[in-house]
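Letter by letter, the sequence shown follows residues 775 to 1622 of this note's numbering. No residue lacks a Cβ here, since even glycine has one placed at the ideal position from N, Cα and C. Only one structure is covered here, and it is reproduced in the block below.
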Amino acid sequence: MKAILQRYILPSLIGRGRGVGLLLPFLLAACSTTSHLPEGEQLYTGITEIAYGHKAGSKNGTKADSTGVITAVSKAYGTVSDLLRGNVKEQDLLRYMQQNDSLTSGQRDTLQHAAEVLTAATATAKEEVNAALSYAPNNAIFGSSKVRWGIPIGLWVYNAYADSESRFGRWMRNTIGTRPRTISMANPQLRTQVARQTLRNYGFFHGSASYEVLTEKKDSLKAKIAYSVYPGPLFCLGSIEYQRFTGLTDSIVQRTMPQSKLHTGDAFSVENLDAERTRLSELFRNNGFYYYRPEYITFRADTLQTPYTVHLQVRPRADMPAQAKNRYYMGRTRITVLPFGSREITDSVERRSISYRWGSEEGSKKPPIRVGAILHNLYYETGSIYRQRMHELIQSKLAGMGVFSNIQMNYTPRDTSATCDTLDVNIFAILDKPWDSEFEAKVTNKSNGLLGPGVGWGMTKRNALRGAETVNFKVYGSYEWQTGATVVDAGEDKSLLNSFELGASMTLTYPRLQFFKLLRKLNRRAEASTNYKVDVTWMNRASYFRMVNFGARVTYTYQRVRRFKHEFTPLRLDYTMLTHKSARFDSIMNANQALYVSMRDQLVPSMAYNFTYSRRWRNGHQRTILLGAKEAGHIINGIYALASRNIKERDKHLLGVPFAQFFKLTGEWRETFPLTPRSAIAARFYAGAVWSYHNSTMAPYADLFSVGGANSIRAFAIRSIGPGSYHPANGKWSYVDQVGNLKFEANVEYRFPIIGGLAGALFVDAGNVWLMKADPARPGGDIDAKRFFKEVALGTGLGFRYDLDFLVLRFDIGVGIHAPYDTGRSSYYNMRRFWDSLGFHIAVGYPF
775 MKAILQRYIL PSLIGRGRGV GLLLPFLLAA CSTTSHLPEG EQLYTGITEI AYGHKAGSKN
835 GTKADSTGVI TAVSKAYGTV SDLLRGNVKE QDLLRYMQQN DSLTSGQRDT LQHAAEVLTA
895 ATATAKEEVN AALSYAPNNA IFGSSKVRWG IPIGLWVYNA YADSESRFGR WMRNTIGTRP
955 RTISMANPQL RTQVARQTLR NYGFFHGSAS YEVLTEKKDS LKAKIAYSVY PGPLFCLGSI
1015 EYQRFTGLTD SIVQRTMPQS KLHTGDAFSV ENLDAERTRL SELFRNNGFY YYRPEYITFR
1075 ADTLQTPYTV HLQVRPRADM PAQAKNRYYM GRTRITVLPF GSREITDSVE RRSISYRWGS
1135 EEGSKKPPIR VGAILHNLYY ETGSIYRQRM HELIQSKLAG MGVFSNIQMN YTPRDTSATC
1195 DTLDVNIFAI LDKPWDSEFE AKVTNKSNGL LGPGVGWGMT KRNALRGAET VNFKVYGSYE
1255 WQTGATVVDA GEDKSLLNSF ELGASMTLTY PRLQFFKLLR KLNRRAEAST NYKVDVTWMN
1315 RASYFRMVNF GARVTYTYQR VRRFKHEFTP LRLDYTMLTH KSARFDSIMN ANQALYVSMR
1375 DQLVPSMAYN FTYSRRWRNG HQRTILLGAK EAGHIINGIY ALASRNIKER DKHLLGVPFA
1435 QFFKLTGEWR ETFPLTPRSA IAARFYAGAV WSYHNSTMAP YADLFSVGGA NSIRAFAIRS
1495 IGPGSYHPAN GKWSYVDQVG NLKFEANVEY RFPIIGGLAG ALFVDAGNVW LMKADPARPG
1555 GDIDAKRFFK EVALGTGLGF RYDLDFLVLR FDIGVGIHAP YDTGRSSYYN MRRFWDSLGF
1615 HIAVGYPF
């Protein structure tokens, strides 16, 4: 029957195009998934189990006699060999330590360390072994080796059209069909060999792995694989000796011994051996030994002297090249730069020990890039010692200029004599194409029901002033409309029904700090830039207002150390002007004078400073601290004071409009605590405050705080709660005034793997915004210590994240626990209905 369907009925129906959409799933379901397997092959349908310490499919042995084992350990606590042989479970050992008061602190420390070493080594090796054994079958769910989708459409289509020679058949087979994955493609024999080698790499020298092919009872052409892994005893490092290093290299080794990657008592690990070789090689290369390589360092191991112990000797190779033993110094520098599309050198110039050659652009004799822009990034002097970290820094800085498509930096000994100690530097670079253009299109769906497309187009001129500067021009626009509700009242201006935004910006970026020549030596080694930007935006907000915003700013960015980044904006001017207001908007503004002040026509002259601290440890632990300060109007107010005007005078104007005066502080702490290689606890705390004074009773709307949404308290929509316990009666339209000048927010997530690239998260979010002073128009909005905890909104929920390597897709479901306003329920859980307390968010990237 299946053969008839595949050969006659299915191609006939598809060729005629009659009822294919309805019949195709049923016809495909009748097709086989194994009819075109190679002879002697079986369809691989996944892994049943990867068992550790026992045979797959059997129970995990019999329960060990914990008392006897622990007694044996207590007699041999000094060597902890029983523990490392795997004869003792960590939980049994910890229980024994709690029950036995006769152990000294040293004995406890020895046993505790051994338990930690064994646990860590086992977890690391297990993860690597699982990766080596895993192989996804057809129609796997997110790359899983064990779980598959129930409908193997790809296999059905492939088998239905495996022999088809028609164009449509080939298209179906190659586009929709998937070639069957067989047992031989899974290659369990090779995978168990890799697993055994992986165990040895992590100190389990007696480890073994085996497999069994399990044919399915219902279909002999289908089979699964079961793996059994026996780690065996763990070998740890004993004595570690560094031998046969001489002269300066021996001094370097001895001086940096505390930084060694090898420690007595740690589990043997090939990864740590490689890390130590790399560490030593980098130390030597940073002290002039240019030709030193990690492979010139060898290890001698003795596993016979002490059971389950590896005694190591670290030595340089006896046959190491003579060049690797010499220290080298920097010589002459030759720089060659060719413009985009040219391979001809047209001119050159000599400057002391530096020669600069270039190819001129058509119609010009000037070099395509000024030599000073390149020399600014060369951090050595003739005669200085070669250092690898200097080379890497120069490479990074030259690439970071953003004007070269190809950069090569080579070193050549000045002569071939055995005593040569000078390296001449050759830098060859090709400029990238001078212009770049970009186009982006997006669709937004906002929490307030606005839906619509957005587009943007930009042009970038590289090396605009022949000093690696870039000029960027961009125009953008978006159009949104209200969905699912009638938003216009009778008699109201219907032109305000939709929302749009148009804008343009121009940015000039220098790859250095402008006007800071006194700090030239300081900023040469740092990642520094100066950014000048002007922009204009024309906004229409549905049923509210039309606004034009003009902006100009200059920003300095400085990052000398990777962990610390400084951003200083000494001058920023923003001018906002309302060109149209709706009756609804006027009613909101009339009812809230403070909000009116924040959204009126005004000039905002400000300066700002932002600091970022970011650190990542080898075990995956991450910490980020963001601090920001912004001031507006203080300098202009000082000019008024010099003109004998009262600095506390209100309604002062500049260029015919009032200017804002406020001071803003923000702080954010983020921390990620790894639990296992693929799970972690992530936390964030955010606090911010804005003080308005003298000429302003409220900061501009853009500088106020709000909570809710996909990256905040996910159980609530953006700007749907606060300030404090205030909740507008017509909340659907009054979300614009649910902002405050004080904010506290905390978030905690437990992130864990689910299957393949799919991960999950359980989260708790809490926070709110408040007003520093009571506002009659927003009762309950001011902060009060007695009401504080009642006014903290709380939500929890579940999220899913799919990692595509280049981006993370996120879907979060927030569940409201406590709303800060009166919902008519007196208990802490005061949500009216469960389904109404849910918040659904689709986003890109992690929330923090």
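Query                                                                                                                                                                                                : Result
Give me the Cα-Cα distance between leucine 1270 and threonine 1329, rounded to the nearest whole angstrom.                                                                                           : Unreliable placement is indicated for leucine 1270, whose pLDDT of 40 sits below 50; no coordinate value is reported for it.
Considering only residues of the stretch 1510 to 1557, which uninterrupted beta strand (DSSP E) runs meet the minimum length of 3 residues and lie entirely inside it, listed in chain order?        : 1516 to 1529 and 1532 to 1544
Which first and last residues belong to the alpha helix (DSSP H) in which lysine 1207 is found?                                                                                                      : Segment: none, lysine 1207 is in no alpha helix (DSSP H) and carries neither H nor E.
Taking the alpha-carbon of threonine 1304 as reference, which of Thr952, Gln1079, Trp1312 and Gln1288 has the nearest alpha-carbon?                                                                  : Gln1288
Roughly how far, in whole angstroms, is the beta-carbon of alanine 1540 from the beta-carbon of valine 1566, given that I think they are within contact range, below 8 Å?                            : 5 Å
Return the CA-CA distance between tyrosine 935 and glycine 1613, expressed in angstroms with no decimal places.                                                                                      : 45 Å
For valine 1249, count neighbouring C-beta atoms within 10 Å of its own C-beta (all shown protein chains included) and say buried if the count is 16 or more, exposed if not.                        : exposed
When the Cα atoms are used, what is the spatial distance from methionine 1175 to lysine 1099?                                                                                                        : 35 Å
Just to confirm the assignment, what range does the beta strand (DSSP E) spanning glycine 1325 have?                                                                                                 : 1319 to 1333
State yes or no: is the C-beta of tyrosine 976 within less than 8 Å of the C-beta of serine 1043?                                                                                                    : yes
Between the alpha carbons of alanine 894 and serine 1116, how many angstroms are there, rounded?                                                                                                     : 56 Å
Between the stretch 1475 to 1491 and the stretch 1514 to 1521, can you find at least three pairs of beta-carbon atoms closer than 8 Å?                                                               : yes
Can you find the residues in the same chain that come closer than 7 Å, C-beta to C-beta, to glutamate 1124, ignoring five residues on each side of it along the sequence?                            : none
Is the separation between the beta-carbon of aspartate 1586 and that of arginine 1488 shorter than 8 Å?                                                                                              : yes
Compute the distance between the beta-carbons of glycine 820 and lysine 900, then report whether it is under 8 Å.                                                                                    : no
What residues match up with methionine 1381 in a beta bridge as DSSP calls it?                                                                                                                       : Glu1405
By DSSP, does methionine 1175 sit in helix, in strand, or in coil?                                                                                                                                   : coil
Drop a sphere of 10 angstroms on the beta-carbon of alanine 906, count the other beta-carbons inside from all chains shown, and report buried for 16 or more, exposed for fewer.                     : buried
Comparing C-alpha positions only, which one of Glu990, Ala1533, Tyr932 and Val1003 sits nearest to arginine 965?                                                                                     : Val1003
Kindly indicate which residue of Arg1346, Asp1360 and Arg1051 has the alpha-carbon position closest to the one of methionine 1381.                                                                   : Arg1346
Quick check on isoleucine 1625: does DSSP put it in helix, strand or coil?                                                                                                                           : Outside the displayed range of the chain (775 to 1622) lies residue 1625, so it cannot be described from this structure.
Starting from the C-beta of glycine 1530, find all residues in its chain whose C-beta is less than 8 Å away, skip the five residues before and the five after it, and write them out in chain order. : Ala910, Ala914, Ile915, Phe916, Gly917 and Ser918
What's the call for proline 1550, buried or exposed, on a 16-neighbour Cβ count within 10 Å?                                                                                                         : exposed
Taking the straight line between their C-alpha atoms, what separation do you get for isoleucine 1119 and arginine 1131?                                                                              : 7 Å
So what's valine 1611 in DSSP terms, helix, strand or just coil?                                                                                                                                     : Before going on, a small fix: residue 1611 reads as serine here, not valine. Of the three classes helix, strand and coil, the one that applies to serine 1611 here is helix, per DSSP.
Could you tell me if serine 879 is buried or exposed, where buried requires 16 or more neighbouring beta carbons within 10 angstroms of its beta carbon?                                             : exposed
Measuring CA to CA, which of Ala1147, Pro1113 and Leu1572 is closest to serine 1138?                                                                                                                 : Pro1113
Report, in whole angstroms, the separation of the C-beta atoms of proline 1005 and tyrosine 1082, which I expect to be a contact under 8 Å.                                                          : 13 Å between Cβ atoms; not a contact.
Skipping 5 residues on each side, what residues in its chain have a beta carbon closer than 6 Å to that of threonine 1260?                                                                           : In this prediction, threonine 1260 has a pLDDT of 35, which is less than 50 and means its spatial position is unreliable; what the coordinates show is noted afterwards. Cβ within range, chain order: n/a, list empty.
For tryptophan 1312, which of helix, strand or coil comes out of DSSP?                                                                                                                               : strand
What residue ranges within the stretch 986 to 1037 form continuous alpha helix (DSSP H) runs of no fewer than 4 residues, ordered along the chain?                                                   : 1021 to 1029
Alpha carbon to alpha carbon, how far is proline 923 from leucine 929?                                                                                                                               : It is worth fixing the name first, because residue 923 is tryptophan in this sequence and not proline. When rounded, the distance between both Cα atoms is 12 Å.
Go ahead and label threonine 972 buried or exposed: buried means 16 or more other beta carbons lie within 10 angstroms of its beta carbon, across all protein chains shown.                          : buried
Can a CB atom of chain C be found closer than 8 Å to the CB of aspartate 1375?                                                                                                                       : Included in the structure is just one protein chain, with no chain C present.
Assign isoleucine 957 to buried or exposed, taking buried as 16 or more other Cβ atoms, counted over all protein chains shown, within 10 Å of its Cβ.                                                : buried
Would you identify the three-state DSSP class for tryptophan 1307, choosing helix, strand or coil?                                                                                                   : Contrary to the premise, residue 1307 reads as lysine rather than tryptophan in this sequence. It is a strand residue.
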